[in-house]
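Below is one structure; the comments refer to it alone.
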Amino acid sequence: MASKDGAIEMEGTVSEALPNAMFRVELTNGHKVLAHISGKMRKNYIRILTADRV
Numbered sequence: 600m601a602s603k604d605g606a607i608e609m610e611g612t613v614s615e616a617l618p619n620a621m622f623r624v625e626l627t628n629g630h631k632v633l634a635h636i637s638g639k640m641r642k643n644y645i646r647i648l649t650a651d652r653v
């Protein structure tokens, strides 16, 4: 699987599901970020719910 140069990978927990496949995610270090799902997850209808670890 190819990864983007300069991409930062971190783990967190989904705290809020927003419209258009966007999510508010609280990272393990306490920061909150706005995240979106990848095209493959959208294409295969993979569901992400509140409290999921991502």
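Per this note's numbering, the very first residue in the sequence shown carries number 600; after that it's consecutive.
Ideal Cβ placement from N, Cα and C applies to all residues, glycine included.
Does the separation of the CB atoms of residue i and residue j fall below 7 Å?
| i | j | result |
| --- | --- | --- |
| residue 622 | residue 606 | no |
| residue 612 | residue 641 | no |
| residue 649 | residue 616 | yes |
With 16 other CB atoms within 10 Å as the buried threshold, where does residue i fall?
| i | result |
| --- | --- |
| residue 632 | exposed |
Measuring alpha carbon to alpha carbon, tell me which residue in the options is nearest residue i.
| i | options | result |
| --- | --- | --- |
| residue 603 | 619, 610, 637, 629 | 637 |
| residue 610 | 616, 618, 617, 628 | 628 |
| residue 608 | 614, 646, 626 | 626 |
Practice task
Write down every uninterrupted run of the beta strand (DSSP E) in the region 604-647 whose length is 3 residues or greater and which is fully enclosed by it, in chain order.
Solution key: Taking only runs of at least 3 residues, the beta strand (DSSP E) segments lying wholly in the region 604-647 are 611-617, 621-626, 631-635.
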